[in-house]
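Under our numbering, the first residue of the sequence shown carries the number 25, and numbering increases by one thereafter. Ideal placement from N, C-alpha and C gives every residue a C-beta, glycine not left out.
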Amino acid sequence: RDAEPSDGTGGRGNGRIEKMAEVKLVVLYPNPTDAEEFDRAYAEEHAPMVNENVPNVSRWTAAKVLGT
């Protein structure tokens, strides 16, 4: 996403628009003993924590590995 760079003094910098650095966070869970309960808890409890606890998230995704 676009952001105005800072000059380090709390000002708005030189007025140029630059891209902010992207961060990728990967969270891995072990195989659950109860897959249906894990899916429910993830969707209802864990996923909402992203929006509640991580500021300025513009997008996040989740994926499930079904086998190796």
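Backbone CA spacing between residue i and residue j [nearest angstrom]
i   : j   : result
D58 : K88 : 15 Å
P54 : R40 : 45 Å
T92 : M44 : 35 Å
W70 : V47 : Inspection of the sequence shows that residue 70 is occupied by His rather than by Trp. Going by the C-alpha atoms only, they are around 19 Å apart.
L52 : E60 : 17 Å
A15 : P79 : Any answer about residue 15 is impossible in this case: the structure gives the chain only from 25 up to 92.
Extent of the continuous alpha helix (DSSP H) to which residue i belongs
i   : result
D63 : 59-65
N77 : 71-77
Same chain, Cβ closer than 6 Å to residue i, five either side skipped, listed in chain order
i   : result
W84 : V74
Residues near residue i by beta carbon distance below 8 Å, same chain, minus five either side
i   : result
V81 : V74, N75
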